[in-house]
Amino acid sequence: MVQAPQNELLSRIGNTLVLTAITEEETFTRALFSSPNVDRLNIGPIPTNKILWDQPHEGNLFEHLYR
Numbered sequence: 029m030v031q032a033p034q035n036e037l038l039s040r041i042g043n044t045l046v047l048t049a050i051t052e053e054e055t056f057t058r059a060l061f062s063s064p065n066v067d068r069l070n071i072g073p074i075p076t077n078k079i080l081w082d083q084p085h086e087g088n089l090f091e092h093l094y095r
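Residue numbers (our numbering): 29 to 95.
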């Protein structure tokens with residue numbers, strides 16, 4: 029978990045496999061989606077361990093974790 033002012037957050041998080049953002053600010057959401065440091069982004073109260081196997085990227089996440 030990283031606590032930082034919103035305008036500093038992206039520069040402070042580093043590489044992140046899964047990020048959950050509780051926000052309704054579109055500008056911040058777009059910045060998160062375009063960040064190369066975030067591999068998977070959940071917007072809203074979605075547990076980071078929730079898996080939807082019909083999503084193609086879910087298998088890739090597990091392959092990365094178990095290398």
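For each residue, glycine too, the CB sits at the ideal point set by N, CA and C.
{"query": "Nearest to Asn-35 (by Cα), restricted to the options Thr-48, Leu-47, Leu-45, Phe-56", "result": "Phe-56"}
{"query": "Presumed contact (8 Å Cβ cut-off) between Leu-60 and Leu-47, rounded CB distance", "result": "7 Å"}
{"query": "Cross-strand partners of Asn-65 (DSSP beta bridge)", "result": "Paired residue(s): none; Asn-65 is not in a bridge."}
{"query": "Of the residues Met-29, Ile-71, Gln-31, Leu-45, the one placed nearest Glu-53, counting alpha carbons only", "result": "Ile-71"}
{"query": "CA nearest to the CA of Ser-63, picked from Pro-33, Gln-31, Thr-44, Thr-51", "result": "Thr-44"}
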